[in-house]
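Structure, as structure tokens:
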Amino acid sequence: MKTIHTIRAILATTAAAFVVLPTWAAGTDGGKTAAGASATAPNNITAYSDRERMTLWTDEKQRLESALATGHSKADYLKSLADNGYTVTSINADKKDYLEYEVVKNTNSYEVQIELDKAGKGKDVKVESNIWRADATKSVLRGNRMEQPPRYVASNSAYSDSPRMARYNTETEKLEKALAEGKPLAAYTADLKKMGYQITSTNDRDKDYVEMEIVKGQSTYEVQIDLDDAGKASMVDVTANMWQSDETEKALEKNRR
Numbered sequence: 002m003k004t005i006h007t008i009r010a011i012l013a014t015t016a017a018a019f020v021v022l023p024t025w026a027a028g029t030d031g032g033k034t035a036a037g038a039s040a041t042a043p044n045n046i047t048a049y050s051d052r053e054r055m056t057l058w059t060d061e062k063q064r065l066e067s068a069l070a071t072g073h074s075k076a077d078y079l080k081s082l083a084d085n086g087y088t089v090t091s092i093n094a095d096k097k098d099y100l101e102y103e104v105v106k107n108t109n110s111y112e113v114q115i116e117l118d119k120a121g122k123g124k125d126v127k128v129e130s131n132i133w134r135a136d137a138t139k140s141v142l143r144g145n146r147m148e149q150p151p152r153y154v155a156s157n158s159a160y161s162d163s164p165r166m167a168r169y170n171t172e173t174e175k176l177e178k179a180l181a182e183g184k185p186l187a188a189y190t191a192d193l194k195k196m197g198y199q200i201t202s203t204n205d206r207d208k209d210y211v212e213m214e215i216v217k218g219q220s221t222y223e224v225q226i227d228l229d230d231a232g233k234a235s236m237v238d239v240t241a242n243m244w245q246s247d248e249t250e251k252a253l254e255k256n257r258r
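Just so we're aligned, residue 2 is where the sequence shown starts under the numbering used here, counting upward by one.
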């Protein structure tokens with residue numbers, strides 16, 4: 002049975018073994034082939050299914066939070082990330098009182114948010130979902146290596162999740178209300194299109210369960226639908242889309258232009 006997770010859930014990565022390289026140089030295998038209403042089916046149809054990965058992801062997230070305890074300096078946090086096998090792929094904020102990094106390990110990505118006190122030590126550290134990703138993050142998730150360490154530029158702030166989450170959560174609630182239970186699958190795909198969403202990937206399509214990636218503007222979600230014996234939805238959940246197919250990434254990039 003699938004585990005229900007709301008968009009407010011703080012997500013984490015798998016605990017697979019990984020060769021530790023410098024925090025900017027490590028590579029990770031994340032090649033993708035998308036599937037969907039208008040896409041070719043992937044070799045592994047559940048490769049991008051959040052449902053399949055969530056438990057291990059959450060466990061690893063907790064380990065990362067424990068490793069990034071408060072009271073340390075910027076240099077300490079960067080060393081800790083490297084020691085734990087993470088690649089820093091983007092510096093979204095580099096202020097006297099706030100640091101924000103996108104990090105990758107294996108096929109998973111996080112946003113690390115660190116508030117600093119006047120002495121430059123961490124007073125609050127959060128590991129959050131990384132939904133809006135820098136190009137370097139996407140590249141490393143596909144298995145490429147960082148050729149040089151990331152540097153902060155003002156435009157990197159465009160990838161920061163924190164300013165967008167309130168609106169994102171509101172849209173999640175709106176979607177869940179619109180996708181009420183009791184309807185056949187065709188009705189949900191029609192409803193999504195009416196609301197301006199593009200179905201970019203179908204990650205799972207069984208008799209009793211369907212999972213789709215959807216995109217609108219710069220936002221992406223995963224829609225999880227449990228079906229009863231009559232083919233009507235017994236449960237609909239809208240979650241963060243953390244493992245994004247190629248078609249989803251292409252749609253997000255197109256909408257960004």
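Note that the Cβ used here is the ideal one computed from N, Cα and C, for glycine as well.
Annotated as proximal: Leu193 and Ile215, with beta-carbon spacing under 8 Å. Here Gln199 is buried. Its C-beta has 16 or more other C-beta atoms within 10 Å. If you check the CB distance, Arg168 and Trp133 do not come in under 8 Å. Residue burial is scored here from C-beta neighbours: Arg54 has at least 16 other C-beta atoms within 10 angstroms and is therefore classed as buried. The Cβ atoms of Leu228 and Val239 lie no closer than 8 Å to each other. Apart from sequence neighbours up to five positions away, the residues of its chain that approach Ser81 with a beta-carbon distance below 8 Å are Ala68, Leu69, His73, ordered along the chain. Note that the region 126 to 142 does not touch the region 172 to 185; fewer than 3 beta-carbon pairs, one per stretch, sit closer than 8 Å. The closest CA to that of Thr201, considering only Lys233, Gln245, Ala191, is found on Gln245.
Counting C-beta pairs with one atom in each stretch, the region 124 to 131 and the region 147 to 159 have fewer than three that are closer than 8 Å, which means they do not touch. Ala94 and Tyr102 have their alpha carbons spaced roughly 7 Å apart. In the same chain as Gly218, and ignoring 5 residues on each side of it, the C-beta atoms closer than 6 Å to its own belong to Asn256, in chain order. For the 8 Å CB-CB criterion, Leu117 and Asp98 form a contact. Its chain contains Thr71, Glu116 as the residues whose beta carbon lies nearer than 7 Å to that of Asp125, once the 5 sequence neighbours on both sides are disregarded; these appear in chain order. Gln63 carries a helical assignment under DSSP once its states are collapsed to helix, strand and coil. DSSP, reduced to helix, strand and coil, places Tyr153 outside both helices and strands of the structure shown, so it counts as coil. DSSP places Thr88 inside the beta strand (DSSP E), whose first and last residues are 88 to 95. Within the DSSP secondary-structure output, Leu117 pairs in a beta bridge with Gly123. For Tyr99, the pairing in a beta bridge is given by DSSP as Glu116. Taking Met236 as the centre and dropping the five residues before and after it, the same chain places the C-beta of Asp227 closer than 6 Å to its C-beta, in chain order.
Considered as a whole, the region 155 to 210 harbours 199 to 206 as its complete beta strand (DSSP E) runs of no fewer than 3 residues, in chain order.
Judged by beta-carbon spacing, Glu254 lies beyond the 8 Å limit of Asn242, meaning their Cβ atoms are not closer than that value.
Look at Ser74 here: in three-state DSSP terms it is coil, with no helix or strand label.
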